[in-house]
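J.:
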Amino acid sequence: MDDILGLALRPVVSCSAPASRPLASSANISFQKFSADRIQLPIVLDFHSDRGKKDIRQWYRKQPTTRFTHIEYRKDIDGHFKHEFVVARLDNRTVCRFDRRAREDVRGHALKDEGTASEDSAHVIVLSDTKSNACLDESEILMSIEFKKKQSLEFMLAVCHAIQLHPRAKSYSLLQYNCYFFSWTLLMTTYRRALNWTLDPHSEEKWRVFVDGLIQLVQVERCHSLNLDLNLAHVQLIQEPCPLRRLGQSVEDVSWHPTSPVNIRIDTPTYDGVENALKAFTPSMLSGNAIERVLFRSHVARTLEREIRSVLRKGCRLAAEEGIDEEWEVVDYTDHDTPKFILNRTPKGSDPWYLRTRRKAERTPIEIHDELVTAVFSPSNYWAGCISGNFLLNGATREQHVQNYIQKRMLEHFEQVEGYGFGKAEKLVEQAEESMTEIWVSAVGLMKHESQRSFRPQNRRG
1282 MDDILGLALR
1292 PVVSCSAPAS
1302 RPLASSANIS
1312 FQKFSADRIQ
1322 LPIVLDFHSD
1332 RGKKDIRQWY
1342 RKQPTTRFTH
1352 IEYRKDIDGH
1362 FKHEFVVARL
1372 DNRTVCRFDR
1382 RAREDVRGHA
1392 LKDEGTASED
1402 SAHVIVLSDT
1412 KSNACLDESE
1422 ILMSIEFKKK
1432 QSLEFMLAVC
1442 HAIQLHPRAK
1452 SYSLLQYNCY
1462 FFSWTLLMTT
1472 YRRALNWTLD
1482 PHSEEKWRVF
1492 VDGLIQLVQV
1502 ERCHSLNLDL
1512 NLAHVQLIQE
1522 PCPLRRLGQS
1532 VEDVSWHPTS
1542 PVNIRIDTPT
1552 YDGVENALKA
1562 FTPSMLSGNA
1572 IERVLFRSHV
1582 ARTLEREIRS
1592 VLRKGCRLAA
1602 EEGIDEEWEV
1612 VDYTDHDTPK
1622 FILNRTPKGS
1632 DPWYLRTRRK
1642 AERTPIEIHD
1652 ELVTAVFSPS
1662 NYWAGCISGN
1672 FLLNGATREQ
1682 HVQNYIQKRM
1692 LEHFEQVEGY
1702 GFGKAEKLVE
1712 QAEESMTEIW
1722 VSAVGLMKHE
1732 SQRSFRPQNR
1742 RG
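According to this note's numbering, the sequence shown is numbered sequentially starting from 1282.
Okay, here's the thing in structure tokens:
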């Protein structure tokens, strides 16, 4: 089994091989003077030790520029395993390359669940560095993004810092938190920061219009449900094996009545509960700075759908908990507004009709919930499309292709991992997106609080 596993993972293990020249010793960083034409060595990004933070601070301060307008997602061409990394094209015709590998002395532990020590690095490559540029030429560009405004290496360092603070991503994991994950995270977070999503200035008004549409849909379902009960009640009465008679009328005349009194009384508070819950509901992304915590635009739709489902469930549950027993007790079969049925006898071996009717009534809130979920989230329903939440964000969705491409790469990788027998691809993608989002939030926090960015020199603003 170990031989088979080793053979299957052999292409992946080569990820740990260095993609560029050997990394510079951090002890030598302080003695190197950087210039636009001087060849530099990569720096190991160590945000845990005081010495590592000092080295990063010196490295950042000595760079001729830290601004860039292009970022590239790259993959090595040669080798069984295609190592992936990110390159930022600086505005002085140099590039800064970001890589992740397992630390050389502990690579054998990369298959463990907890992973092993990672070695994240940054490398500014000047035009005269022919060897490093030749290594770049041995890779292909998977995606290139051009920014309208110049971005800073400072944020990319903040993301690397956040990765090393993350409880799972801080360790190199051969199948999850590897060079792929590192590249996906750098690309997505840098791109997301450049977008600077904001809420539409009329988002609250648009939300109320959206909710009014959902309430109208609930009202339509309420009418549909009553009509459905009419047909079911009619069939039930006709097929009842015991004699039934309605006071003053024959059984043939019963079809005109919409539903039984119990279902009328149960349906009404259930639908009322759902409508009231929708009226009182405000999505989380309209509260505070919630939109700032979103990395993937698709998560806006996911969060909004989850919250709407919760509201529907809440409205139906309250009706079930508070309404059924109370409504059952006050059912008055002498009410002149409801039909009166008298059971002459109960068939042998059958429950009394009122017990069967009560059980039907007790299931009604669940049935209503299922019907509403089907109606609201049906692909053919206009409101299902609006649940993407895009109408609440300021700006178009032209950037969606970047997210889609990254998610496609993630799925392809984790489907291979699933093929090796290590988990399910869908779950692994979900975990990766969750970790990337947590890293994004952490990096944004680091950028807001300068005191936490120990690598940032006080005299540099870019």
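For each residue, glycine too, the CB sits at the ideal point set by N, CA and C.
Quantities reported herein were computed from a predicted structural model and do not represent experimental measurements.
For the pair the segment 1704-1720 and the segment 1687-1695, tell me if three or more CB-CB distances fall below 8 Å.
T.: Counting Cβ pairs under 8 Å, three or more are found: they touch.
J.: Cys1504 to Asn1570, Cα distance in whole Å?
T.: In the sequence shown, counting from the first residue as 1, residue 1504 sits at position 223. In the sequence shown, counting from the first residue as 1, residue 1570 sits at position 289. One C-alpha to the other measures close to 39 Å.
J.: Excluding the 5 residues preceding and the 5 following Phe1366 in the sequence, name in chain order all residues of the same chain whose CB lies nearer than 7 Å to its CB.
T.: As a working mapping, residue 1366 is identified with position 85 in the sequence shown. Cβ within range, chain order: Ala1300, Arg1355, Arg1378, Phe1379, Asp1380, Cys1460, Ser1464.
J.: Mapping the DSSP letters down to three states, classify Glu1698 as helix, strand or coil.
T.: Translated into the one-based positions of the sequence shown, residue 1698 becomes position 417. As written in the sequence, residue 1698 is Val, which differs from the Glu given in the question. It is helical.
J.: Are the Cβ atoms of Met1437 and Leu1467 separated by less than 8 Å?
T.: Residue mapping note: residue 1437 aligns to position 156 of the sequence shown, counting from 1. Residue mapping note: residue 1467 aligns to position 186 of the sequence shown, counting from 1. For Met1437 and Leu1467, yes; Cβs fall inside 8 Å.
J.: Beta-carbon within less than 8 Å of Leu1495's beta-carbon, same chain only, minus the 5 sequence neighbours each way: which residues are those?
T.: Here residue 1495 refers to the residue found at position 214 when the sequence shown is read from its first residue. For Leu1495, where only same-chain residues beyond five positions count, the Cβ hits under 8 Å are Leu1559, Ile1589, Val1657, Trp1664.
J.: Whole-angstrom Cβ separation of Val1575 and Ser1669, contact assumed at under 8 Å?
T.: Counting from one through the sequence shown, the residue named residue 1575 turns up at place 294. Counting from one through the sequence shown, the residue named residue 1669 turns up at place 388. Val1575 to Ser1669, Cβ: 13 Å. No contact.
J.: Can Thr1346 and Leu1371 be called in contact, C-beta distance under 8 Å?
T.: Locating residue 1346 in the sequence shown gives position 65, where the first residue counts as 1. Locating residue 1371 in the sequence shown gives position 90, where the first residue counts as 1. Against a cut-off of 8 Å, the Cβ pair of Leu1371 and Thr1346 comes out as a contact.
J.: Between which residues of its own chain and Met1728 is the CB-CB distance below 8 Å, once the five residues before and five after are set aside?
T.: Looking up residue 1728 in the sequence shown gives position 447. Counting only Cβ-Cβ distances below 8 Å, and skipping sequence neighbours, we find Glu1435, Phe1436, Ala1439, Arg1734.
J.: Could you tell me the alpha carbon to alpha carbon distance between Phe1577 and Thr1718, rounded to whole angstroms?
T.: Position 296 of the sequence shown, counted from the start, is the residue given in the question as residue 1577. Position 437 of the sequence shown, counted from the start, is the residue given in the question as residue 1718. If I take the Cα positions, the gap works out to 8 Å.
J.: Looking at Lys1431 and Arg1342, is the spacing between their C-beta atoms short of 8 Å?
T.: Against the sequence shown, residue 1342 aligns to sequence position 61. Against the sequence shown, residue 1431 aligns to sequence position 150. Contact: no.
J.: Please list, in chain order, all residues of the same chain as Gln1344 whose beta carbon is under 7 Å from its beta carbon, the five residues on each side excluded.
T.: To locate residue 1344, count along the sequence shown from 1; it is residue 63. Only Phe1315, Val1405 meet the Cβ criterion.
J.: What does the Cβ neighbour count give for Cys1523, buried or exposed, with the cut at 16 atoms within 10 Å?
T.: Counting from 1 along the sequence shown, the entry for residue 1523 is found at position 242. At Cys1523, the pLDDT of 35 sits below 50, so the modelled position is not reliable; the number obtained from the coordinates is stated separately. By the 10 Å Cβ count, Cys1523 comes out exposed.
J.: Using CA atoms only, rank isn't needed, just tell me which of Thr1471, Phe1491, Ser1402, Val1555 is closest to Leu1599.
T.: Taking the first residue of the sequence shown as position 1, residue 1599 is located at position 318. Comparing Cα-Cα distances from Leu1599 to each of Thr1471, Phe1491, Ser1402, Val1555, the minimum goes to Val1555.
J.: So for Thr1655, helix, strand or coil by DSSP?
T.: As a working mapping, residue 1655 is identified with position 374 in the sequence shown. Note: Thr1655 maps to helix in three-state DSSP.
J.: Taking the straight line between their C-alpha atoms, what separation do you get for Val1722 and Leu1446?
T.: Residue numbering aside, residue 1722 sits at position 441 when the sequence shown is read from its first letter. Residue numbering aside, residue 1446 sits at position 165 when the sequence shown is read from its first letter. Cα to Cα, Val1722 sits roughly 12 Å from Leu1446.
J.: For the beta strand (DSSP E) that contains Lys1279, what are its first and last residues?
T.: Outside the displayed span of the chain (1282 to 1743) sits residue 1279, for which this structure offers no information.
J.: State buried or exposed for His1364, treating a residue as buried only when at least 16 other CB atoms are found within 10 Å of its CB.
T.: The sequence position of residue 1364 within the sequence shown is 83, counting from 1. Buried: at least 16 other Cβ atoms inside 10 Å.
J.: Could you please give the first and the last residue of the uninterrupted beta strand (DSSP E) stretch that includes Glu1731?
T.: Mapped onto the sequence shown, residue 1731 falls at position 450. No beta strand (DSSP E) contains Glu1731, which DSSP labels as neither H nor E.
J.: My output table needs one value for His1351: the three-state DSSP class, helix, strand or coil.
T.: Residue mapping note: residue 1351 aligns to position 70 of the sequence shown, counting from 1. Three-state result, His1351: strand.
J.: Which residue comes first and which comes last in the alpha helix (DSSP H) that contains Ser1464?
T.: Here residue 1464 refers to the residue found at position 183 of the sequence shown. Unbroken alpha helix (DSSP H) run through Ser1464: 1460-1476.
J.: Which residues bound the alpha helix (DSSP H) around Ile1337?
T.: Translated into positions along the sequence shown, residue 1337 becomes position 56. Segment 1331-1342, the alpha helix (DSSP H) holding Ile1337.
J.: Give me the Cα-Cα distance between Val1592 and Ala1317, rounded to the nearest whole angstrom.
T.: The residue you call residue 1592 lines up with position 311 of the sequence shown. The residue you call residue 1317 lines up with position 36 of the sequence shown. Cα to Cα, the separation comes out at about 58 Å.
J.: Work out the CA separation of Thr1549 and Met1424 for me, nearest whole Å.
T.: Within the sequence shown, numbered from 1, the residue matching residue 1424 stands at position 143. Within the sequence shown, numbered from 1, the residue matching residue 1549 stands at position 268. The alpha-carbon atoms of Met1424 and Thr1549 are separated by roughly 55 Å.
J.: Determine whether the beta carbon atoms of Thr1397 and Ile1720 lie at a separation below 8 Å.
T.: Here residue 1397 refers to the residue found at position 116 of the sequence shown. Here residue 1720 refers to the residue found at position 439 of the sequence shown. No. Outside cutoff.
J.: Look at Val1683 and Ile1426 and say whether their C-beta atoms are less than 8 Å apart.
T.: Start at 1 with the first residue of the sequence shown, and residue 1683 comes out as number 402. Start at 1 with the first residue of the sequence shown, and residue 1426 comes out as number 145. Their beta carbons are under 8 Å apart, which means Val1683 touches Ile1426 by this criterion.
J.: Looking only at its own chain, which residues have a Cβ that is under 7 Å from the Cβ of Arg1449, when we skip the five neighbours before and after it?
T.: Within the sequence shown, numbered from 1, the residue matching residue 1449 stands at position 168. Hits under 7 Å: Tyr1458, Ser1716.
J.: Report the option in Phe1362, Asp1357, Ile1352 whose CA atom is closest to the CA atom of Ala1369.
T.: As a position in the sequence shown, residue 1369 is number 88, starting the count at 1. Of the listed residues, the one whose Cα sits closest to Ala1369 is Ile1352.
J.: Can you find the residues in the same chain that come closer than 8 Å, C-beta to C-beta, to Val1492, ignoring five residues on each side of it along the sequence?
T.: As a working note, residue 1492 is residue 211 in the sequence shown. Only Leu1559, Lys1560, Phe1562 meet the Cβ criterion.
J.: So the beta strand (DSSP E) Arg1381 belongs to, where does it begin and stop?
T.: Taking the sequence shown and counting its residues from 1, the one referred to as residue 1381 is at position 100. Its beta strand (DSSP E) spans residues 1376-1383.
J.: In chain order, what residues of the same chain have a beta carbon less than 7 Å from the beta carbon of Ser1579, not counting five sequence neighbours either side?
T.: The residue you call residue 1579 lines up with position 298 of the sequence shown. Taken in chain order, the residues that qualify are Gln1684.
J.: Which residue wins for smallest C-alpha separation from Asp1401, given the options Asp1418, Ala1415, Ala1383?
T.: On the sequence shown, position 120 is the one that residue 1401 refers to. Nearest option by C-alpha distance: Ala1383.
J.: If you run the structure through DSSP and keep just helix, strand and coil, what is Asp1510?
T.: The residue given as residue 1510 occupies position 229 in the sequence shown. Low local confidence applies: a pLDDT of 44 at Asp1510 is under 50, so the model's placement there is unreliable, with the coordinate-based value given in what follows. Three-state DSSP puts Asp1510 in a helix.
J.: Buried or exposed: Asp1534, going by 16 or more other Cβ atoms within 10 Å of its Cβ?
T.: Residue numbering aside, residue 1534 sits at position 253 when the sequence shown is read from its first letter. In this prediction, Asp1534 scores a pLDDT of 38, lower than 50, which makes its location untrustworthy; the coordinate-derived value is nonetheless stated afterwards. Asp1534 is exposed by the Cβ-count criterion.
J.: With DSSP run on the structure shown, which of helix, strand or coil describes Leu1498?
T.: Working through the sequence shown from its first residue, we reach residue 1498 at position 217. Leu1498: helix per DSSP, three-state reduction.
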